[in-house]
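**Q**
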Amino acid sequence: MPLSGPSQPAPGGVDPALALVEEDPYDQTIEGGPSGLTERLPDTCKLENFQQYKGLTKPEIDAAGLAVPYRVVGQTDIVTQEYNPMRVNFYTDDAGRVVQVSCG
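Every number in my numbering is 299 more than the matching position in the sequence shown, counting from 1.
1) Pick from 341, 375 and 396: whose alpha carbon is nearest that of residue 352?
2) Kindly indicate which residue of 401, 387, 346 and 378 has the alpha-carbon position closest to the one of residue 361.
3) Just to confirm my understanding: we take residue 400, look at its own chain, exclude 5 residues before and 5 after, and list those with CB closer than 8 Å. What are they?
4) Please name the residue, chosen from 385, 356 and 343, that lies closest to residue 373 on a Cα-to-Cα basis.
5) So which of 383, 394, 365 and 371 has the shortest CA-CA distance to residue 402?
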């Protein structure tokens, strides 16, 4: 018995539900607008204040008593993708030493 109902594509092989999600229901075009991500703001966490931590390890950064939100990210660490413009991200190399600092 052939399938029928919403799971069956319409004649011609095109699923009408697919057309609904591929079209903007509000007919809006935002040039250069965000694509679902929070817009990155330039240097909101004052990166110049944290460059001195390059070369340090996570325990050394934790011991520094930073008064801002931060995280230390290793090369194989899994982290959330939420963007916090005030947070400082310290990225480490294989040896666990900070090699890059960014906001987010």
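For glycine and all other residues, C-beta sits at the position ideal for the given N, C-alpha and C.
**A** From the atom records:
1) Locating residue 352 in the sequence shown gives position 53, counting from the first residue. Nearest C-alpha to residue 352: 396.
2) Stepping through the sequence shown from its first residue, residue 361 is reached at position 62. Selected option, being the one with the closest Cα: 387.
3) Numbered from its first residue, the sequence shown carries residue 400 at position 101. Excluding five sequence positions before and after residue 400, the CB atoms of its chain that fall closer than 8 Å to its own CB belong to 346, 349, 350, 352, 353, 387, 388, 389 and 390, given in chain order.
4) For this step, residue 373 is matched to residue 74 along the sequence shown. Minimum Cα distance to residue 373 is reached at 356.
5) For this step, residue 402 is matched to residue 103 along the sequence shown. Checking every option, the nearest Cα to that of residue 402 belongs to 383.
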